[in-house]
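If you read the protein sequences in the order shown, they are chains A, B, C, D and E.
Here the first sequence is numbered in this note's numbering, starting from 1 and rising by one per residue.
Here the second sequence is numbered in this note's numbering, starting from 1001 and rising by one per residue.
Here the third sequence is numbered in this note's numbering, starting from 2001 and rising by one per residue.
Here the fourth sequence is numbered in this note's numbering, starting from 3001 and rising by one per residue.
Here the fifth sequence is numbered in this note's numbering, starting from 4001 and rising by one per residue.
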Amino acid sequence: MTPIPLNHFVIFSLFLFSIGLYGTLTRRNVIGILMGIELMLNAANINLIAFSRYISPNPETGQIFVIFVIVLAACAAAVGLAIVLAMYQNRKTVQAEDIHILKW
Amino acid sequence: MFGWGVLKGMLVTLWNFLLTYLWPKKGIFTVQYPEKKLPLAQRYRNFPFLVYDGTPHMIRCVACKICESECPPKCIYIIPEKDAEGRVQKKPAVFDIDYAICMNCGLCEEVCPFDSIFMDHEYEISKYNRAEDLMVRKEALLKPWEYFAKIRPHDFERIEAKRAAKSAKAKPVAPAEKPSQKPDAGPTSPQQGSVPKNG
Amino acid sequence: MEILYFFAKTGFYATALVTLAAAILVVTLRNLFHCALALILSLLGVAVTYLYLKAEFLAIIQILLYIGAIMTLLIFAIMLTHRLTDRSVSQTNRQSLPAFALLAVFNIFFIASLAAVPWKINSASLAAKIDTQALGAFLMGPYVFPFEIISIVLIIALVGAVILGRTDQ
Amino acid sequence: MAYAYLIPVFPFIAFLIIIFNGKRLKHQSAAIAIGGSLLAAAVSTVVILNTLKGATYSHTFEWIRIGTFSLNFGILIDPLTAMMLFVVTYVGSMIFIYSVGYMHEDPRFSRFFAYLSLFMASMLGLVLSSHYVQLFIFWELVGLCSYFLIGFWFEKPSAAKAGMKAFITTKIGDVGFLIGLFLLFTCAGTLQFKDFTPEFLAAKTQAGGGLFALAAILIFAGACGKSAQFPLHVWLPDAMEGPTPVSALIHAATMVAAGVYLVARSFVLFAQFPQALEVVAVIGTITAFMAAFIALTATDIKKVLAYSTISQLGYMMAALGLGGFSAGTFHLMTHAFFKALLFLGAGSVIHGTQTQDLREMGGLFPRMKITSLTFLVAALAISGVPPLSGFFSKDEILLTAYESGSRVIFLILLVTSFMTAFYMFRLFVLAFLGKPRKKIHAHESPAVMTVPLSVLALFSAVLGIPGSPYWNHWFQGFIHGGHAQEIHVNLFVVKCSVAAAFSGIALAVILYRFLPKVPEWLAKIFKPLYLVSYNKFWLDELYQLIFIGPFKKISQLLFRFDAVIVDGAVNQSAVQTVNLSALKNWFDQHIVDGTVNGVAWITQRMSRILRKLQTGLIQNYLLILLLGLLFTIVIGFYR
Amino acid sequence: MAETIDQIFVLAKDRFLDLLGIVLPDWIILLVRILISIAVLLAVAPVVMMYMTWLERKVLGRIQNRYGPNRVGIFGLLQPIADGIKMLTKEDIVPKNADQVIHFLAPVVIVIAPLLVLAVLPFGRNMIAADLNVGLLFFLGVSTFGVIALFMGSWASRNKYSLLGGMRAFAQMISYEIPMVLSVVPVILVTSSLSTAAIVEAQLGWKWFIFTPWGGFAALVFFLCGVAEVNRTPFDLPEAESEIVAGFHTEYSGMKFALFYMAEFISTFAISGLAVTLFLGGWDGPAFLPSWFWFGLKTFILILIMIWFRGTLPRFRVDQLMGFAWKVFLPFTLANIFIAALWALLPYPKNFIADTIGITVILTLLQIFNRKETPKKRKYLYAN
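Shown next as structure tokens:
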């Protein structure tokens, strides 16, 4: 019984990351961008666990950091979505390209 | 104390629950319908029926079409019988009531001058077909005068008495219908309201 | 027994495929609500991947937090801005092609470089069993400081979100 | 003793609670403040009891380290501190309780208590400080509280101005203090109190202690500002604009005594330099006399007491300056109690009659019995009537003066003592005896005000005993740290003092009770003197004339200079410039602008291309970022 | 003998597998071992659901002084089957504008969560389908899936009542999830395990957590939150028929509707089972009856209590509902964690006293902070 090679996990997470990044780059809707970011975070999490499981001498570290990342993702989602809602209330749009002045 | 009211309510329902088992007579109000039925009040009214005296030939209805014209939803349809020469007889050839339309108002009973249409106690009339089965023909509508006596004994006595008096009085002069209507209405039946009683 | 391990491994690749397919749906579907549902599927796949990495606790946490909380938020946000999920509106901007090209190149290079790296597999930690209690001990022990900080960050973020999301100014 | 740091902490906590919850707490804030002060009093009682047994305590910790120098703050408890703790916590608590009644109707009730608590905390911190810099920090905090509380009714412009005046005037002294500290640090290399021992100073000043003396005098300047000594005393009478409990606590009993405390604390330093001591003595004497003289004619009840305070502070300073360490500190303690009592009594009167003008009062005795009686006790004490506390302390100051050999100072102080008795009883007679001069609805104050009065009266009556010959001058021994002091009673001085007191009282009573016409007549005869007194030696005007007027004059002169000469030159050059510019204009228009416009045109064209990079769309930037990342990866890959 | 009856299901399974082992290779036995558990759960759950509907109708009827179903079969026992047939044969209506795919998926997804959750319930001694070491978390995590499915259904219907119901369900479930999880934390804290089987083991011998001060209140909170989680009266705002027709399943009919109902009833069963596992000692009970009987009895009693609630209590208002979760349950459960920690830390008589004091204090504080505030009389500046 041989374990699944580490590279497979890494490539999986790479693809997931790329897809998330693609979404972030191409989505017009801010919520869609947020979804892409969530995908990227998940890809990073897989990497964290996989590397800590396969290579690190203490395999707990990666898991603990994944917990932190998940919490941070929750923060990001909460604040980001609150911003989206505020934007929607004020500007009646959530399209990323309508918000290009970069200040208000 | 917070929640005490909730607890009391819960106890009430629990008591009701237990009561249904401990003392079903007091606890359960359900009447097991098809097997048991509640007795109906005499003045209960459902759809109308036609009265005959003795045999089904002797329909009291004279096809005067008062009820047909008074009926608010227009659910009564009458065609008088005609003899060979085409003269109109005092008898309905067709008397249809569409139960799907009838709204049980009882106006036909009130306006009938011949005491020939009354409201029935029959309520189990569910049918499979709305258009056909609920259109009730004359034959299905006919019921004996004794049936009326059975379901509404009070009214039966009153109407019998009135009819007897009427027939005794009206023997000498038959045709004077209209003038006799007014003097009769008030004194003879103060409790009857607007039902015309001359025969 | 070997065949079961084979099944299990096949299961991993199947999961990965499903996850990636769902992820692609996330970034390409027009209807944002559908995107969110696809994202849920994708996140579930990630949770299963965690199981393959013997991180049961994290898998459950992934479901509880990501799907229970974050997705809920997302869907709520979609509902509140639903007018923009109309089918008539294009959902992608004009840089999808360059982005795709760049990412493809990026992936090729990455995989190429990845193949060149000889990882030193640590078999001890690969076999190690990490139960929830050990994780808790680590959180409360060596990592207590980041743990506290992350909780403060979370509280601040929540307060900020509440303030931002208020409708009455 | 190790818990001594708690003493200032309690009032500070009370301050925090009240200042952040003032709106919600309303009148409960008083309870919190009083609780804080009573707790402080309780802890300090323990500390004092320990000190009485002869224990001292000092604890330091490092506050800041700068290079090799570390600033060590801490707590120092010795008999002097214990005495100050006693005064501050006890008088403070009494006044807190009193304030509940006095400030009851005020809309900013809780803020008042917040300030009071902050003041209490900082004053206690000041007293407990073990380091000059620490003391200075609390010194400034105390000044800040004083500023807040003087201007507490800031709706009144006079109160706001008075607050400002107090702040600025004391600040002048503080600048001196600060420079003194710098000097001292430069010379001595330390600012820790306990480092300043006579031996240390002697060693340091072997090569000549001129700078030390200067530092001492500058520190005394700070004390002057805080304790309202002669040139800088002008703020204290104005400070009476604040609420009366504030006047009692800050501007009579505790804060103004901080100056005296500072001199007492630095006494070792001063004692090393006779010149510095002389300055202190002279300034103190002048202040004592002058203030008493002004008090003779003041008509505002609080102003009289304010000048009396200045005068008594001058007494203390004089005593310290003449080397009477124990005499000065003893008077500080007794004075705190009876002066607080006087102010509170005055406050009670003001509360009862709604006026401050002595000429409108009179005949209050039957209506305000407790107030009057306690006031009488305090007046007798300050006048130096035996056996009340003031007698013993003042007597000792006079004794010090007498024995120092300076007859002039002794005489002046004696006359001042007489005047003290006179103006106090002038005040008493005018306010409480006789018939009401105006229709005023006087009424006794509530118990919450009269009880503190009674307690303070008790203290002012008996507090002299520990320093009296009957207790074998126990206090003097205690304050010197257990060394029994040799003090012999000089009956001549005692007689002089008693005579001055009684003659002053008698004169005042006769003049104002039985011969009310005579004072006016006297005023006419001694018109110059009267005017001098009435106008407070024209000191305010003098300052106006000497400092402020010339300042304005100089500024005007400078303005003229500016307007005529400088501006003229500037304008001339401007005219020339205009001419020159016209010439340049042509050149500019055609040649320079042509170039610039050409450049701009090119830039614009270029920008149109470059602008594509600055879309403001984050996703665009992200894409470019990705491109850059890819670029680096590629470079890394083919390196 | 008693032992045999207690383990009868386990023994039967083992015998069956032994028999299979004669002919089949190991790995198939392993698969079958897993599949049997799944199959049993899948078979039992719908039956449980069907007879819960019958029970509910019966008990509600009795509470309302009626007989309840009594026509189909003796005591109306065949009524659920009749209902099932009716549901299956009903017309399946999909609104024209509905999102076809999601409208179809929602009822399918919604039953998955409650079925999965049953896997970690210990139905008796050694009778647990999957003894995960994170079993409790698994239960809580997977049960959040229901919300998503429910929201899928409400969104896909394109009906404003559906959407309103979905929104309400969302808000309600998120709010009640938090005190529910927090009320479980003390149990984890005391047993220091997330495995449901281990939690039951810790309570064996009448050491049920409901008898401890913290456990009693935590059980109450957990149960009420559970009632809210499965949208039953008095927390049935998402399907409040008097306000929003039928809430999220307004546009569902036939079998899809039945699936929604099935999900609700199985979750009810699962939540009751978890409450029993966590606080009521699971399958623990006097030995004269088998362990699975005790588990069933306790669960049955809790379900009866839920039905009793439904027969008694009126529906909450939305603000009351939210306030209840955030202002009462949340602070109480937070405090309860510390109270339970005290229990675990101190020796016997002391911890009882400390807990009693703690609970009294927190309840008093809650009552004080949640009392109705009548605004003070307004003071006017110029008018009186």
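Think of the CB as a built atom: it goes at the ideal place given N, C-alpha and C, for glycine as much as any other residue.
On the CB-based measure, 16 or more other CB atoms within 10 Å of its CB, does Pro3157 (chain D) come out buried or exposed? exposed
Ile1101 (chain B): which of B:Phe1029, B:Ser1116, B:Cys1075, B:Val1111 sits nearest, CA to CA? B:Cys1075
Short Cβ contact (7 Å threshold) for Val1051 (chain B) with Trp1145 (chain B): yes
Compute the Euclidean distance between the alpha carbons of Lys1162 (chain B) and Phe1156 (chain B), then round it to the nearest angstrom. 10 Å
Counted within 10 angstroms of its Cβ, other Cβ atoms place Phe3182 (chain D) as buried (16 or more) or exposed: exposed
Just by C-beta distance, which residues in the segment 2092-2117 of chain C are closer than 7 Å to chain D? Asn2093, Gln2095, Pro2098, Ala2099, Leu2102, Val2105, Phe2106, Phe2109, Ser2113
Distance between beta carbons of Val2026 (chain C) and Leu39 (chain A), contact taken as under 8 Å: 6 Å
Going by C-alpha to C-alpha distance, which of D:Asn3535, D:Gly3434, D:Ala3014, D:Ile3283 sits closest to Lys3303 (chain D)? D:Asn3535
Cβ closer than 7 Å: which chain B residues qualify as neighbours of Thr4312 (chain E)? Gly1009, Met1010, Thr1013
Would you mind working out which of D:Ser3348, D:Trp3139, D:Ala3215, D:Leu3149 sits nearest Ala3188 (chain D), comparing C-alpha positions? D:Ala3215
How about Val3349 (chain D) and Met3317 (chain D): are their beta carbons less than 7 Å apart? no
Bridge partners of His3131 (chain D), per DSSP? D:Gln3192
Quick one: what does DSSP say Leu3515 (chain D) is sitting in, helix, strand or coil? coil
In whole angstroms, give me the CA-to-CA distance for Ala4263 (chain E) and Ala4106 (chain E). 11 Å
For Gly1054 (chain B), the three-state DSSP class (helix, strand or coil): coil
So, is the C-beta of Tyr4348 (chain E) closer than 7 Å to a C-beta in chain B? no
Answer with buried or exposed for Arg3407 (chain D), where buried requires no fewer than 16 other C-beta atoms within 10 angstroms of its C-beta. exposed
Just verifying my parser: in three-state terms, what is the DSSP assignment at Asn3597 (chain D)? helix
May I ask you to list the residues that DSSP assigns as paired with Val1088 (chain B)? B:Lys1082
Using CA atoms only, rank isn't needed, just tell me which of D:Leu3630, D:Leu3135, D:Gly3467, D:Phe3073 is closest to Ser3058 (chain D). D:Phe3073
Using the Cα positions of Leu4116 (chain E) and Phe2057 (chain C), report the straight-line distance between them to the nearest angstrom. 17 Å
So, is Ser2123 (chain C) buried or exposed, given that buried needs 16 or more other C-beta atoms within 10 angstroms? exposed
Straight-line gap, Tyr1123 (chain B) to Phe1047 (chain B) (C-alpha atoms, nearest Å): 8 Å
Exposed unless 16 or more other CB atoms sit within 10 angstroms - verdict on Ser2113 (chain C): exposed
Name the two residues that bound the continuous alpha helix (DSSP H) containing Phe3547 (chain D). Looking at the DSSP string, Phe3547 (chain D) is not in any alpha helix (DSSP H), and its letter there is neither H nor E.
Cα-Cα separation, Thr4360 (chain E) to Gly80 (chain A): 41 Å
Report, in whole angstroms, the separation of the C-beta atoms of Ile2155 (chain C) and Ala73 (chain A), which I expect to be a contact under 8 Å. Rounded, the Cβ-Cβ distance is 16 Å, inconsistent with contact.
Output, in sequence order along the chain, the residues in the segment 2020-2036 of chain C whose CB is closer than 8 Å to any CB in chain A. Leu2020, Ala2023, Ile2024, Val2026, Val2027, Leu2032, Cys2035, Ala2036
Counted within 10 angstroms of its Cβ, other Cβ atoms place Tyr3470 (chain D) as buried (16 or more) or exposed: exposed
CB contact check: Ile3294 (chain D) to chain G, cutoff 7 Å: Within the model displayed, chain G is absent; protein chains A, B, C, D and E are what it includes.
Is the Cβ-Cβ distance between Thr2049 (chain C) and Ile46 (chain A) less than 7 Å? yes
Any C-beta of chain A under 7 Å from that of Leu3625 (chain D): no
Rounded separation between Tyr1099 (chain B) and Leu1134 (chain B) - CA only: 5 Å
Start and end of the alpha helix (DSSP H) containing Met1103 (chain B)? Where Met1103 (chain B) is concerned, there is no enclosing alpha helix (DSSP H), given that its DSSP letter is neither H nor E.
Hey, does Glu2056 (chain C) have any beta-carbon neighbour from chain E nearer than 7 Å? yes
May I ask which residues mark the beginning and end of the alpha helix (DSSP H) holding Ile83 (chain A)? 60-91
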